[in-house]
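Enquirer: According to full-length UniProt numbering, numbering within the sequence shown proceeds without interruption in unit steps and concludes at 493. Beta carbons are placed, not taken as given, at the ideal position from N, Cα and C, and that holds for glycine. Computed from a prediction, not measured in an experiment: that's the story for all the values here. Dumping the structure here so I can ask a few things about it.
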Amino acid sequence: MNELVSTLNGLVWSPALIYLCLGVGLYFSVRGRFLQVRHFKEMIRLMFKGRTDEHGITSFQALTMTLAGRVGTGNIAGVATAITFGGPGAVFWMWMVAFLGASSAFVESTLGQVYKEKLNGEYRGGPAFYIEKGLGLKWYAWLFAVVTVFACGLLLPGVQANSIASSVNTAFGIDPNVTAAVLAVLIGLIIFGGVKRIAHFTQVVVPFMALGYIMVALVIILLNIEKLPEVVLLIVKSAFGLEAGFGAIVGMAIQWGVKRGVYSNEAGQGTGPHASSAAAVSHPAKQGLVQGFSVYIDTLFVCSATAFMLLITGQYNVQAPDGSAMFTGIAGVAAGPGYVQTAMENMMPGFGNAFVAIALFFFAFTTILAYYYIAETNIAYINRKVKRPILTLLLKFGIIAATVYGTVHTATFAWDLGDLGVGLMAWLNIIAIVLMHKVAYKCLKDYEQQQDEGKDPVFHPEKLGIKNADYWGGHTSEDNLEVEKLSGETSQR
């Protein structure tokens with residue numbers, strides 16, 4: 001089984017996907033005149049604007065739900081793994097995929113808002129919705145929905161759970177079976193409460209966990225500030241094969257940097273639009289810009305904190321493709337959270353080990369909740385036609401079972417399954433947003449024009465020639481009166 005999954009990963013994560021992620025991000029960046037730079041202040045302003053209604057959540061709640069999915073074990077264990085197999089240069093390519101990926105996140109999240117629906121009193125949207133409505137390809141939409149249910153409901157939770165088990169066992173000696181039982185109970189308590197409970201939980205936990213982790217990382221960096229220029233130079237030189245020690249693995253640096261970057265920040269992967277579609281906003285571009293900023297938070301802040309901690313303390317290993325050691329700074333520790341725990345423990349004895357375990361618990365736990373919401377949204381999409389409420393119940397028990405299984409299974413197998421799920425979703429979604437990106441940029445142009453006129457932008461799809469935006473169409477409907485009211489209240493504040 002391990003061999004089969006590994007072979008499939010080799011096919012899914014071929015160089016074609018690596019360069020597609022970078023190429024699409026670059027194209028969208030140029031197409032949008034580098035909106036991730038031009039609208040940086042607007043991203044921050046919109047993050048704290050707006051309000052919720054009885055059907056949706058606020059922009060900030062949608063952001064934290066997205067960050068719950070983005071800020072996970074990839075920010076700790078994933079960065080360590082990327083450095084192990086790609087060298088320090090992998091960090092540069094993680095930065096690059098984040099910078100370019102912000103534009104991809106804008107496109108997919110804007111499309112999610114344009115084509116969202118109100119199902120059972122809640123806003124729902126995502127790639128399956130915009131593929132069906134924007135491309136008219138129902139079979140493709142269903143394929144994405146089914147793949148996503150399996151990826152987020154069964155494959156990806158195990159990666160997060162495995163890292164939790166590993167880190168708490170290292171720090172506190174807690175048996176993985178005990179960890180599995182605790183996770184099962186906690187996840188069940190929250191996911192049976194619906195999207196509102198998930199949103200309220202993540203809006204409290206996510207900012208706290210991310211800021212706390214970054215602050216501790218900054219302390220370690222400041223204690224070794226004299227080494228920082230040397231580490232930055234090492235990252236850049238290694239990324240382009242200019243560092244003698246790692247010149248032979250520049251291809252692996254790109255591959256692992258992009259792979260872990262996509263896994264961590266999820267830009268273009270198709271997960272972000274699910275939470276962003278639940279936000280109650282007056283114009284799709286608003287939430288698209290907010291989601292673009294979430295990529296920065298994930299990779300440029302949290303992943304960089306991990307990378308600098310490892311590199312500045314020398315607590316990392318680099319392994320050649322043939323398995324031979326190129327650099328050994330932490331002998332006897334497998335690539336993963338153990339690197340970060342050892343690095344922090346060496347700098348802060350008696351504190352570092354436990355802190356990373358606690359941070360990783362919150363990072364990974366909130367990510368599992370985000371995976372559930374994504375899978376549930378795709379079940380909701382499927383249930384529009386098949387109308388089988390039991391599917392949602394099966395998903396709840398399925399994700400709990402997958403979490404328990406991943407907690408006690410081997411780390412390598414868990415990561416391989418997770419990579420396979422991410423890769424399949426990325427292929428399907430990137431192709432879709434490339435075909436549909438013009439709709440997102442029509443929204444951006446409309447948003448900018450209304451702002452130039454001194455208005456708080458309100459979306460009217462018929463004026464832009466956008467069809468099948470059913471939620472937004474017909475401005476005498478109750479929903480669109482809510483949108484107009486939302487815009488008015490936001491502008492008054």
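Tell me, to the nearest whole angstrom, how far the beta carbon of P176 is from that of A184; I am working on the premise that it is less than 8 angstroms.
Expert: The pair is not a contact, with the Cβ atoms about 12 angstroms apart (cut-off 8 angstroms).
Enquirer: Taking C-beta to C-beta, are V340 and L310 nearer than 8 angstroms?
Expert: Against a cut-off of 8 angstroms, the Cβ pair of L310 and V340 comes out as a contact.
Enquirer: With distances taken Cα to Cα, identify the nearest neighbour of M425 among I76, V146, A105, G134.
Expert: The candidate whose alpha carbon is nearest that of M425 is V146.
Enquirer: Name the two residues that bound the continuous beta strand (DSSP E) containing T328.
Expert: Residues 325-328.
Enquirer: Can you tell me whether Y19 is buried or exposed, with buried defined as 16 or more other CB within 10 angstroms of its CB?
Expert: Answer is exposed; the Cβ neighbour count stays below 16.
Enquirer: What are the boundary residues of the alpha helix (DSSP H) that includes V318?
Expert: From DSSP, V318 is part of no alpha helix (DSSP H) but of the beta strand (DSSP E) over 317-319.
Enquirer: Quick check: what's the CA-CA separation for V205 versus V231?
Expert: Approximately 31 angstroms, taken between the alpha carbons.
Enquirer: Going by DSSP, what residue range makes up the alpha helix (DSSP H) through E3?
Expert: Element bounds for E3: 2-12.
Enquirer: Got a sec? Which residues, its chain only, sit under 7 angstroms from L46 by beta carbon, not counting five neighbours each side?
Expert: Around L46: S59, K286, L289, V290.
Enquirer: Taking the continuous alpha helix (DSSP H) assigned at R31, which residues delimit it?
Expert: Its alpha helix (DSSP H) spans residues 15-31.
Enquirer: What does the Cβ neighbour count give for P389, buried or exposed, with the cut at 16 atoms within 10 Å?
Expert: Its Cβ having fewer than 16 others within 10 Å, P389 is exposed.
Enquirer: Between T306 and G473, what straight-line distance do the alpha-carbon atoms span, to the nearest angstrom?
Expert: Looking at the two C-alpha atoms, the distance is approximately 45 angstroms.
Enquirer: Restricting to runs no shorter than 4 residues, where is the alpha helix (DSSP H) found entirely within the region 239-286?
Expert: Runs found: 250-265, 272-276.
Enquirer: Under three-state DSSP, which class holds L119?
Expert: The answer is strand: DSSP assigns L119 an E or B state.
Enquirer: Helix, strand or coil for R384? Go by DSSP, reduced to three states.
Expert: The answer is helix: DSSP assigns R384 an H, G or I state.
Enquirer: Less than 8 angstroms between C-beta atoms, sequence neighbours within five positions excluded: which residues of the same chain meet that for I44?
Expert: Excluding residues within five positions, the ones whose Cβ falls inside 8 angstroms are F293.
Enquirer: When we look at the beta-carbon of K438 and count the other beta-carbons within 10 Å, is it buried (16 or more) or exposed?
Expert: When all chains shown are included, K438 counts as exposed.
Enquirer: When burial is assigned at 16 or more other CB atoms within 10 Å of the CB, is D452 buried or exposed?
Expert: It is exposed - the Cβ of D452 has fewer than 16 other Cβ atoms within 10 Å.
Enquirer: Report the residue from P88, A357, L369, L394 whose alpha carbon sits nearest the alpha carbon of T179.
Expert: Nearest C-alpha to T179: A357.
Enquirer: Count the other CB atoms, across all protein chains shown, that sit within 10 Å of the CB of W139; report buried if there are 16 or more and exposed otherwise.
Expert: Classification for W139: exposed.
Enquirer: Under the rule that 16 or more other beta-carbon atoms within 10 Å means buried, what is K463, buried or exposed?
Expert: Answer is exposed; the Cβ neighbour count stays below 16.
Enquirer: Specify, as a first and last residue, the run of the alpha helix (DSSP H) that L100 falls within.
Expert: Residues 89-114.
Enquirer: Are G78 and S238 closer than 8 angstroms when you measure CB to CB?
Expert: In this structure, S238 does not lie closer than 8 angstroms to G78 by Cβ.
Enquirer: For the alpha helix (DSSP H) containing A165, list its first residue and its last residue.
Expert: Segment 157-172, the alpha helix (DSSP H) holding A165.
Enquirer: Using the C-alpha atoms, what's the distance from P207 back to I221?
Expert: Approximately 21 angstroms, taken between the alpha carbons.
Enquirer: What's the gap between the Cα of G241 and the Cα of F92?
Expert: So the alpha carbons of these two residues sit roughly 12 angstroms apart.
Enquirer: Expressed to the nearest angstrom, what Euclidean distance is found between the alpha-carbon atoms of F246 and S282?
Expert: For F246 and S282, the distance between alpha carbons rounds to 50 angstroms.
Enquirer: Spell out the partners DSSP gives R124 in its beta bridges.
Expert: DSSP output for R124 lists E117 as bridge partner(s).
Enquirer: Can you tell me whether DSSP reads Y471 as helix, strand or coil?
Expert: Coil at Y471, not helix or strand.
Enquirer: For L8 and A82, I'd like the C-alpha separation in whole angstroms.
Expert: Spanning the two alpha carbons is a distance of roughly 20 angstroms.
Enquirer: Which residues mark the beginning and the end of the alpha helix (DSSP H) in which T313 is found?
Expert: Where T313 is concerned, the enclosing alpha helix (DSSP H) stretches over 304-313.
Enquirer: What are the boundary residues of the alpha helix (DSSP H) that G86 is part of?
Expert: Start and end: 77-86.
Enquirer: Count the other CB atoms, across all protein chains shown, that sit within 10 Å of the CB of W13; report buried if there are 16 or more and exposed otherwise.
Expert: W13 should be labelled buried.
Enquirer: Expressed to the nearest angstrom, what Euclidean distance is found between the alpha-carbon atoms of D470 and Q36?
Expert: D470 and Q36: Cα-Cα distance of roughly 29 angstroms.
Enquirer: Mapping the DSSP letters down to three states, classify K237 as helix, strand or coil.
Expert: The answer is helix: DSSP assigns K237 an H, G or I state.
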